[in-house]
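Going by full-length UniProt numbering, the sequence shown opens with residue 1, and the numbers climb by one from there. We treat Cβ as the ideally placed atom computed from N, Cα and C, and that holds for glycine. To start, the structure itself, in structure tokens.
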Amino acid sequence: MFAKANEITTLTPVARYHLMSFLFKYLGLNINGCDNLVKKPQCPLKPNDVGTFKLSFPVPNVHINSISIWIEFSLIGQNEKVHSCFQVNFLVKKGD
1 MFAKANEITT
11 LTPVARYHLM
21 SFLFKYLGLN
31 INGCDNLVKK
41 PQCPLKPNDV
51 GTFKLSFPVP
61 NVHINSISIW
71 IEFSLIGQNE
81 KVHSCFQVNF
91 LVKKGD
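Written out as structure tokens, the structure reads:
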């Protein structure tokens, strides 16, 4: 959830992940962030509108027993301005 003081006309989701001391851009998020806003409002977001963004994406398959990964997720608007950013840490375990 985020609220902005300026009008937002575009939102692009960007993710990157840290794995085994390397930083990678998470590929495959070729979606329009405005299309994934839930409820109202929709783009363009007016000043002081509150938006909630919903996104799901697969976790990379690992071939070892377990590995710690963090993903940083951002919503980027026009002029490359970051409107929301958060990081999630998790442990991926190989299934049986």
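Would isoleucine 71 and valine 88 be called neighbours here (beta carbons separated by less than 7 angstroms)?
Result yes, Cβ atoms of isoleucine 71 and valine 88 sit closer than 7 angstroms.
Any idea what DSSP makes of cysteine 85, helix, strand or coil?
Strand, per DSSP.
Can you check which of these residues, Phe53, Asn79, Val92 and Asn6, is closest to phenylalanine 73 by C-alpha distance?
Looking at the Cα atoms, Phe53 is the closest of the given residues.
Evaluate leucine 37 with the Cβ neighbour count: other Cβ atoms within 10 Å of its Cβ, from every protein chain shown; 16 or more gives buried, anything less gives exposed.
So leucine 37 counts as buried.
Could you name the residues of the same chain whose beta carbon sits closer than 7 angstroms to that of asparagine 6, not counting the 5 residues immediately before and after it, in chain order?
The residues are Pro47.
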